[in-house]
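Chemist:
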C-alpha cells in the first residue's frame, strides 16, 4: 500500500472530526481553530530518514536540516502562513556517536530558528544498531492575516493559469545523492508575496515534492479539475530533459493556479506559466506544441 | 549522551526564543501564544518503537495506541489542558505487510479520537527491513480555561505536599513485555478535577514515565526545591517492592505538589500523599520511617 492510498484510507475514517478542524488532513497542512478563540493554527509533520532522504554516512546536520526544510516547504504551500515553531522526534541507532546526534539536532534547531520556527519540543529514542537514523518533525504555523484565504490544494478553478516557481528537475544527483534537495530555500517569501499581490486571485497551491506531474495531479484531484501541463513551458534545471524533470521529486518549488495576471518574478524568484485549468475530470493532461502526449503522470514516492 | 542531557544542551542554545513561547521546552509540553491572539496552544511529541516500547512482533495496534497514550499523559500532566489533535509520522520497515501498517494507524487514530484528539496529519516513510517499526506522535492541546494556571514542573513550593495518583510499579512485565504500560488510561479526568478543585493550590505536576524517583527529581530540579519521598507511603501495584516501584518507569500516573487539603480520591482514582517539599537544593531525598535511606534516585530511561 503506498503512502497516499494508506493515509487516504486512514483519514477517510475520520467521520467525526470536530468543527474546529477547518482544513482536514490531505492538504499540505491541516488547519484548526482554537476553542473559544478566533485564532487558527496550521500544522504538518514530515520525516527525513538517512539513506532515503539524505545519503548514508553524510553529515547528520544535513538530515536534520532537510527534515525542517521539508516542513517549511509545506508552510510555504499554504500561501498566507508563517512558521511558528517545530518539534523533533529522533530515532538514534544504538552506538551512534554523540557528535552525530548533536549535529542532527543542530541541523534541526538552526534551520528552524533561521526561518522563524524555534525548536520547542520532541524526544530521542535509541533503536537497534541496524535501524536508520531518522527524525520526524512537526511544524506549527499561523495565517499571516485572517482576511486572506489559505491556498489549499482544492481551490483550483476552471480558467486559472497554472504556474511554477524557479526551475524543476535535477534536484537529486542519482550517483551521489547530493544536490539542491539537501539545502533548498523554502519558498516562504515568494509564497507570502504571491498571497499579498494576488489576494483572492491566488487559488490552489502545492509544493513540488513528489514530481511536478504528480503534485499537479494532487491539485487536479482535490479540486476536481483537469490541468493541462504544457511540456515546452516547464522551466528546467541545467542539463535536465523535461520528461524526467516532471517526474523527479524533491524540487520544493511551488506550483499554483491563479486567475488574472501573475508577476514574472517575485522576491528574486522566476515564476513561469506552465499550463491551464481546463475541465472538471480531476486529471492532468500533458501536452506539447504538437498536442497531447501520452506520458504517464507518475511521480516519485521515494521511501513511502 | 542520555536523552535529558542531550535535549537540555540543545534547548540551552535557544537563547532567541520569541516572546510568544510562554513555556519553553523542558516541561511535559511547551506552550505558545498565537500572534495577534490571546489564544494559547500546548504541544508535545513522543515516539513509540517496537521492541523498545512494545514487545517485538505483537499487534501493531498496541504500538500506535501506546504512542498516543504517552502523549495524552503529557497533556494530563499540564492539569488545565484538553487534547485537540494529533499527527503521526510512521517509519515502516521494508516488507511490512499492509495489514500491520493499517493496525498501527488504527491504534493511533482510534486512541486519539477516543480522547478528543483526531488524527489530522503526518506521513509514512519506508525504511530498511532491519529497522524498527516506529511512530512519532505530536499532540496539540489547549488550556481548558484561561484563568487557571498550568501545572508545570517548575511550580513546586516549599511546604507543598507531594502526591501520586493510582499505584506505581509493575507496569511492565520483564518476562513478556506486557502489562499496564500498553493500555493505561491517561489521567486526563483526574488532572482536570485536580485543576478545578485545587485551583491555584495545585502547583507542580509531571507524569510518571521514567520512574517515580526520577520524575520527582525533574520536578525538584526544575522548581529548585528538595522533595522528601517517604518510601512507606508509596502506593504499590500488587506484588511489587517499593525499591523497584520507584525506579521502574511507564506507570503514567501523575505526581504533583499542592498546598492545603487534597481529596483522597477523584474520578474514581486514589490520590496518596507520598512526601513533602522541604528545601531548596533541587534534589529528592528518599526516607522511610527510620529516616534517610541511601537509595539512588535513578530511573529508567529505556531506549533513550
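Residue numbers (my numbering), protein chains in the order written: chain A, 1 to 304; chain B, 305 to 608.
Note that the Cβ used here is the ideal one computed from N, Cα and C, for glycine as well.
Ends of the beta strand (DSSP E) at residue 465 of chain B?
Modeler: Element bounds for residue 465 of chain B: 465-469.
Chemist: Among the candidates B:342, B:425 and B:457, whose CA atom is the shortest distance from the CA of residue 330 of chain B?
Modeler: Of the candidates B:342, B:425 and B:457, the one whose C-alpha sits nearest the C-alpha of residue 330 of chain B is B:457.
Chemist: Of the choices B:526, B:409, B:570 and B:334, whose alpha-carbon is the least far from that of residue 501 of chain B?
Modeler: The residue with the shortest Cα to Cα distance from residue 501 of chain B is B:570.
Chemist: Taking only three categories from DSSP, how would you classify residue 243 of chain A?
Modeler: Of the three classes helix, strand and coil, the one that applies to residue 243 of chain A here is helix, per DSSP.
Chemist: Can you give the Cα-Cα distance for residue 97 of chain A and residue 250 of chain A, rounded to whole angstroms?
Modeler: Between residue 97 of chain A and residue 250 of chain A, the C-alpha separation is close to 29 angstroms.
Chemist: Would you grab the beta carbon distance between residue 523 of chain B and residue 462 of chain B for me? Rounded to a whole angstrom, and I think it's under 8 angstroms.
Modeler: Actually they do not touch by this definition, with Cβ atoms about 13 angstroms apart.
Chemist: Touching or not, the stretch 197-212 of chain A and the stretch 128-143 of chain A, by the rule of three or more beta carbon pairs under 8 angstroms?
Modeler: Because the criterion of three Cβ pairs below 8 angstroms is not met, the stretch 197-212 of chain A and the stretch 128-143 of chain A do not touch.
Chemist: Step through the CB atoms of chain B and report whether any lies within less than 8 angstroms of the CB of residue 236 of chain A.
Modeler: Chain B contact via Cβ: absent.
Chemist: Count the C-beta pairs between the stretch 172-180 of chain A and the stretch 103-110 of chain A that are closer than 8 angstroms, then say yes if the count reaches three, no if not.
Modeler: Result no; under three Cβ-Cβ pairs closer than 8 angstroms.
Chemist: Using a C-beta cutoff of 8 angstroms, does residue 56 of chain A count as contacting chain B?
Modeler: No - not a single Cβ of chain B is within 8 angstroms of the one on residue 56 of chain A.
Chemist: Applying a beta-carbon distance threshold of less than 8 angstroms, which residues of chain A neighbour residue 320 of chain B?
Modeler: Here the neighbours are 113 and 118.
Chemist: Just to confirm the assignment: which complete alpha helix (DSSP H) runs, minimum length 4, are found wholly within the stretch 459-520 of chain B?
Modeler: Listed in chain order, the complete alpha helix (DSSP H) runs (minimum 4 residues) inside the stretch 459-520 of chain B are 492-502.
Chemist: Whose C-alpha, out of A:156, A:16 and A:178, is nearest the C-alpha of residue 283 of chain A?
Modeler: Residue A:156 is the option with its Cα nearest to residue 283 of chain A.
Chemist: Is the number of C-beta pairs between the stretch 348-360 of chain B and the stretch 417-429 of chain B that are closer than 8 angstroms three or more?
Modeler: The answer is no - the stretch 417-429 of chain B does not touch the stretch 348-360 of chain B, with fewer than three Cβ pairs under 8 angstroms.
Chemist: Output the boundary residues of the alpha helix (DSSP H) element that contains residue 108 of chain A.
Modeler: It spans 98-114 - the alpha helix (DSSP H) in which residue 108 of chain A sits, taken as one unbroken run.
Chemist: Based on the DSSP secondary-structure assignment, which residues constitute the bridge partners of residue 455 of chain B?
Modeler: Answer is none; residue 455 of chain B lacks a bridge partner.
Chemist: If the cut is a Cβ gap below 8 angstroms, which residues of chain C does residue 8 of chain A touch?
Modeler: In the structure shown, chain C does not exist; the protein chains are A and B.
Chemist: Can you pull the chain A residues whose beta carbon is under 9 angstroms from the beta carbon of residue 413 of chain B, in chain order?
Modeler: Chain A residues near residue 413 of chain B: 10, 11, 13 and 14.
Chemist: What is the rounded straight-line gap between the Cα of residue 63 of chain A and the Cα of residue 135 of chain A?
Modeler: Between residue 63 of chain A and residue 135 of chain A, the C-alpha separation is close to 8 angstroms.
Chemist: When burial is assigned at 16 or more other CB atoms within 10 Å of the CB, is residue 73 of chain A buried or exposed?
Modeler: Counting Cβ neighbours within 10 Å, residue 73 of chain A comes out buried, since at least 16 surround it.
Chemist: For residue 344 of chain B, write down the residues that DSSP places opposite it in a beta bridge.
Modeler: In DSSP, residue 344 of chain B forms a bridge with B:337.
Chemist: Please report the residue range of the alpha helix (DSSP H) in which residue 583 of chain B lies.
Modeler: Segment 573-583 is the beta strand (DSSP E) holding residue 583 of chain B; no alpha helix (DSSP H) there.
Chemist: Assuming residue 491 of chain B and residue 573 of chain B form a contact by the criterion Cβ under 8 angstroms, report the distance between their Cβ atoms to the nearest whole angstrom.
Modeler: Sure, about 7 angstroms apart at Cβ, within 8 angstroms.
Chemist: Do we get a CB-CB distance below 8 angstroms when we pair residue 387 of chain B with the residues of chain A?
Modeler: Answer no: the Cβ-Cβ gap between residue 387 of chain B and chain A never drops below 8 angstroms.
Chemist: Kindly list, in the order they appear in chain A, the residues whose Cβ is closer than 8 angstroms to that of residue 434 of chain B.
Modeler: What residue 434 of chain B touches in chain A: 128, 130 and 131.
Chemist: Beta-carbon separation of residue 469 of chain B and residue 558 of chain B under 8 angstroms?
Modeler: Yes. Within cutoff.
Chemist: Residue 46 of chain A versus chain B: which residues are under 8 angstroms apart at the beta carbon?
Modeler: Neighbours of residue 46 of chain A on chain B, chain order: 393 and 427.
Chemist: Just tell me which of B:526, B:576, B:424 and B:426 has its CA closest to the CA of residue 327 of chain B.
Modeler: Selected option, being the one with the closest Cα: B:526.
Chemist: Do you know how far the Cα of residue 355 of chain B is from the Cα of residue 551 of chain B?
Modeler: Their Cα atoms are separated by approximately 20 angstroms.
Chemist: Using the Cβ count rule (16 or more neighbours within 10 Å means buried), how would you classify residue 403 of chain B?
Modeler: Result: exposed.
Chemist: Based on the DSSP output, what are the partners of residue 134 of chain A in its beta bridges?
Modeler: DSSP, once it has assigned bridges, lists A:49 and A:91 as partnering residue 134 of chain A.
Chemist: Which value, in whole angstroms, describes the spacing of the CA atoms of residue 256 of chain A and residue 486 of chain B?
Modeler: Between residue 256 of chain A and residue 486 of chain B, the C-alpha separation is close to 45 angstroms.
Chemist: With a Cβ-Cβ cutoff of 8 angstroms, do residue 567 of chain B and residue 578 of chain B count as a contact?
Modeler: Not closer than 8 angstroms, so no.
Chemist: Given that residue 136 of chain A touches chain B, what residues does it touch there, using C-beta distances under 7 angstroms?
Modeler: In chain order: 393 and 440.
Chemist: My guess is that residue 18 of chain A and residue 422 of chain B are in contact by the Cβ rule of under 8 angstroms, so how many angstroms apart are they, rounded?
Modeler: Sure, about 7 angstroms apart at Cβ, within 8 angstroms.
Chemist: Residue 249 of chain A versus chain B: which residues are under 9 angstroms apart at the beta carbon?
Modeler: Those do not exist, as residue 249 of chain A stays about 13 angstroms from chain B at its closest Cβ, beyond 9 angstroms.
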